[in-house]
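Chains as they are written, first to last, in our numbering: chain B, 1 to 415; chain H, 416 to 766.
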């Protein structure tokens, strides 16, 4: 006991010394610069966005010549760890792009500056995107771009199998898969992940479509609800009937080759696949379609994407707000779509010519009814548990029993 | 060591022809005799120049100081990047350090041995422990066996392509794991892979190695053996080349066949190398991380989940640093115990 007390005392002393050192270095919260002052705004953006934000910032300088935007591109694979270490070292930038499922963690870290809801209105954005960064009435991130899931399928092969109409319900989807299976060229009727990292993204739409949610009203996991069991049962059908491969795909598996060859004629995925199919399987142009995910009780998909967050430690909050406003304005969002093919989170941007003329209606429809992943600090762990459950489900596990097991495991994680 | 061996063995073998044995024996003796006075002279030389006994402590401390100075860069590096983190991990393993503590580390609470007791009841950890054991028990003997075999082959017969084979066996050791993964995925791919192609030639269907719960781990072991046998081969090769040819020649003259020569000469004289290779390979295999990380990510159904992989997941994906630290120390204790056991078993026999 005494030893613990001693080390606690030692730690406390070190803590005090450190915090004194830190406050001596940083000039504290008082020194906020106005948006008109000459200053440099540091921004971290991930992947391709990192390269493009710098370009779009030039346009921002036409109206805000005093704010120099310094963009640091960060790779997606290291971004999470880099941000967490920066938070630990108190070295965060002013503004950053944050993956939508990371919101909960960073809220928990207490490093995010609440969004000024007078400047940014919930009504302007897709509801699920906005709700994903809301906790206890405070909003911590402004939705920047969104992505969602739709169903890709080979229309030519569907016709060959005797199905002329696009699938709209779960029953349609199952019937289409069974029709596909009868074709000689088919290896697997449906590319439906049997567990493995990220497979929760394919199951969540079933949950939302059945009317379920990840958390109940009290903020406790609701993964053994009747709706969740329905979703698991529906998901399992494809494995039970031999329509989908019952083992996880090897890391790095790309469905496009099989889709192009016709051996896997149906898969659910995000908007980026439109371009990828056009690039990698040009021979099937006009022979495939993307439709909203077939629905159970209600239409549903999930929403993903990125938010823009300002960090509490920033001394350039006013400038950060101006830049965020610029990036989420309908005009910039439309430019951004043309540049990167990322879907605008701001609904007004969808009226801009760039999007009006593009073939994106299917995504707009999906986005309006999409469910959101709540901002949980332990989301990564919950997601992992869902992945594990799906793997067991594909091997023939009982949906109700697995749902119960999943509920027990996740209850301990979410506080 | 080698001097005494070459001097004694030919003498004890009575049938040895005088002409062949005398020269090496003599030269060994003269070599020794020449070395001894030389060393003495050098020692005496330094002593006299430093000025005798009174100055000795002073000279020593100056010696020490420059020694410390020279090792400062290494020590600074070691303390910052090794000692401090190792100690911090130990402290952390007794706390509930989690995501929230990243910004306020001193809020972490001491929980005593709670993490460790939780580990004992953690099904996933026990599974990972079992998988790691499986990996070691199958992988280490295979790596050492194949490495020794390759070394013996390279050391004896094939003169012409020696360099080619040496490079061939060693190349996987220095190849980046990502490149290795690409190659092995091609080998194991169930539809277009090398094995599937060969199987198809004879009318068989290859299984989906990495997606099968029973085959995934053996596949990773095969990959690890291929990757690591080069290291043990190089060490064995060095050990083999240190065995003096006279000993072999003597054995041959005594009528020993190739197998007998291997058993009576090569194996006993390789024992120190064997100890080193065994200990190092076992430590490496107990820490197995890269193979499952790049090939299967622990799946299917946790069948390739190893302790290091689980530790990485808990620590860096979920930020349960306290819990992950307790795993690290548990693994450390296991490695220490296994190493001590091996040192004991393999060392006693050499005496």
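For glycine and all other residues, C-beta sits at the position ideal for the given N, C-alpha and C.
Note that this is a predicted model, so its numbers are computed, not measured.
Margin query: Looking at the secondary structure, which residues open and close the alpha helix (DSSP H) in which residue 81(B) lies?
Written below: 76-89
Check: Is there at least one Cβ from chain H nearer than 9 Å to residue 167(B)'s Cβ?
Finding: no
Note to self: With H, G and I counted as helix, E and B as strand and the rest as coil, what does DSSP make of residue 373(B)?
What the structure shows: coil
Margin query: Assuming residue 132(B) and residue 103(B) are in contact, meaning their beta carbons sit under 8 Å apart, how far apart are those beta carbons, in whole angstroms?
Written below: 6 Å
Notebook entry, point to check: Who are the near neighbours of residue 462(H) in its chain, counting only those whose CB is closer than 6 Å to its CB and skipping five residues on each side?
Noted result: Bear in mind that a pLDDT of 42 at residue 462(H), under 50, signals an unreliable position, so the number given afterwards is only what the model happens to contain. Hits under 6 Å: none found.
Note to self: Three or more C-beta pairs under 8 Å: does that hold for the region 317-331 of chain B against the region 348-363 of chain B?
What the structure shows: yes
Next item on the list: Please name the residue or residues paired with residue 221(B) in a DSSP beta bridge.
Entry: 215(B)
Margin query: Contact criterion: CB-CB distance below 9 Å. Does residue 74(B) meet it with respect to chain H?
Written below: no
Checklist line | Straight-line gap, residue 208(B) to residue 34(B) (C-alpha atoms, nearest Å) | finding: 43 Å
Notebook entry, point to check: Would a check of beta-carbon distances place residue 248(B) closer than 9 Å to chain H?
Noted result: yes
Next item on the list: Please list the residues of the region 193-207 of chain B that have a C-beta atom closer than 9 Å to any C-beta atom in chain H, keeping them in chain order.
Entry: 194, 195, 196 and 197
Next item on the list: Pick out whichever of 259(B), 321(B), 410(B) and 269(B) has its Cα sitting closest to the Cα of residue 199(B).
Entry: 269(B)
Next item on the list: Using the Cα positions of residue 149(B) and residue 196(B), report the straight-line distance between them to the nearest angstrom.
Entry: 18 Å
Check: If you count every other CB in all the chains shown that lies within 10 Å of the CB of residue 90(B), and 16 or more means buried, which is it?
Finding: exposed
Margin query: Given this structure, state the Cα-to-Cα distance separating residue 275(B) from residue 366(B), to the nearest angstrom.
Written below: 18 Å
Check: Can you list the residues of chain B that residue 623(H) reaches, using a CB-CB cut of under 7 Å?
Finding: 247
Notebook entry, point to check: beta strand (DSSP E) containing residue 140(B): first to last residue?
Noted result: It is not in any beta strand (DSSP E) - residue 140(B) carries neither H nor E in the DSSP assignment.
Checklist line | Under 9 Å (Cβ pairs) to chain B, residues found in the region 692-718 of chain H | finding: 709, 710, 711, 712, 714, 715, 716 and 717
Check: In terms of alpha-carbon separation, which member of 117(B), 264(B) and 154(B) lies closest to residue 243(B)?
Finding: 264(B)
Note to self: Quick check: is the beta carbon of residue 111(B) nearer than 9 Å to any beta carbon in chain H?
What the structure shows: yes
Notebook entry, point to check: For residue 407(B) and chain H, any beta-carbon pair shorter than 9 Å?
Noted result: no
Next item on the list: Spell out whether any CB of chain H is found under 9 Å from the CB atom of residue 24(B).
Entry: Any answer about residue 24(B) is weak, because its pLDDT of 39 lies below 50 and its placement is not dependable; what the coordinates show is given next. False, the Cβ-Cβ gap to chain H never drops below 9 Å.
Next item on the list: Could you check which residue in 279(B), 292(B) and 283(B) has the C-alpha nearest to that of residue 267(B)?
Entry: 292(B)
Check: For residue 111(B), is the classification buried or exposed, using 16 other Cβ atoms within 10 angstroms of its Cβ as the cut-off for buried?
Finding: buried
Item checked: Contacting positions in the region 370-381 of chain B - beta carbon closer than 8 Å to chain H -> 377, 378, 380 and 381
Item checked: Continuous beta strand (DSSP E) assignments of at least 3 residues falling wholly in the region 226-299 of chain B -> 266-269 and 288-292
Next item on the list: Name the residue from 321(B), 399(B) and 374(B) whose alpha carbon lies nearest to the alpha carbon of residue 128(B).
Entry: 374(B)
Next item on the list: Using only alpha-carbon positions, find the residue among 701(H), 690(H) and 604(H) that is nearest to residue 553(H).
Entry: 701(H)
Next item on the list: Would you grab the beta carbon distance between residue 715(H) and residue 594(H) for me? Rounded to a whole angstrom, and I think it's under 8 Å.
Entry: Contact doesn't hold; Cβ gap of about 24 Å is too wide.
Checklist line | C-alpha distance - residue 558(H) paired with residue 272(B), whole-angstrom precision | finding: 44 Å
Margin query: Let's test the definition: count the other Cβ atoms within 10 Å of the Cβ of residue 277(B) and tell me whether it reaches 16, buried, or not, exposed.
Written below: buried
Next item on the list: Report the rounded CA-to-CA distance for residue 300(B) versus residue 369(B), giving the unit in angstroms.
Entry: 5 Å
Item checked: Extent of the continuous beta strand (DSSP E) to which residue 43(B) belongs -> 39-46
Notebook entry, point to check: Where in the region 543-591 of chain H do unbroken runs of the alpha helix (DSSP H), each at least 4 residues long, occur, reported from the N-terminal end onward?
Noted result: 577-589
Check: Exposed or buried, what is residue 601(H) when buried is set at 16 or more other beta-carbons lying within 10 Å of its beta-carbon?
Finding: exposed
Next item on the list: Can you check the region 621-702 of chain H for any alpha helix (DSSP H) of at least 4 residues that lies completely inside it and give the ranges in chain order?
Entry: 631-657, 660-668, 673-676 and 682-701
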